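Inspection log for the structure reproduced underneath, given as structure tokens.
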Amino acid sequence: MNAEETMRALAAAWEHGDPDAIADRFAPDGVYEGPLFDGFPVGPEAVRAACAAAFAEISEVRVPIKQLAMSGDVALAEGQFLSADLAGVRCDFDLVMVVELRDGMIIRFTEYFDTAKLA
18 MNAEETMRAL AAAWEHGDPD AIADRFAPDG VYEGPLFDGF PVGPEAVRAA
68 CAAAFAEISE VRVPIKQLAM SGDVALAEGQ FLSADLAGVR CDFDLVMVVE
118 LRDGMIIRFT EYFDTAKLA
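According to my numbering, the sequence shown is numbered sequentially starting from 18.
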């Protein structure tokens, strides 16, 4: 799976609420740099736990990708994260994502978005 396919698979896994599908793409030293995590999870088990905790707090997730560019083992995507919290309050924002692979596995997945909108 190349970087573009990996990016699309990550978006689909978020939409399906599947922490295993996300975690299984990470190398043992792969890091998920998400601004809402309490520290960045490293490796499949830590990524799985962090994503499972996030999924427990949200529903109705959609991650439409508007633009996607790839160069070698790196893909950049511009899109949105659309969801609701458990009370049904919308939590929608624009985001940029970067995925970097080594031997087909994620060594870095980074999300950039305005966290002030979530306060």
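We put the beta carbon where it would ideally sit given N, CA and C, even for glycine.
Computed from a prediction, not measured in an experiment: that's the story for all the values here.
In the three-state reduction of the DSSP assignment, residue 53 falls in the coil class.
In its chain, beyond the 5 residues on either side, 61 have a beta carbon closer than 8 Å to the beta carbon of residue 41.
Judged by their CB atoms, residue 95 and residue 113 are nearer to each other than the 8 Å cut-off. Per DSSP, reduced to three states, the secondary structure at residue 45 is strand. Residues of the same chain with a CB within less than 6 Å of the CB of residue 134, apart from the 5 flanking positions on each side, are 110 in chain order.
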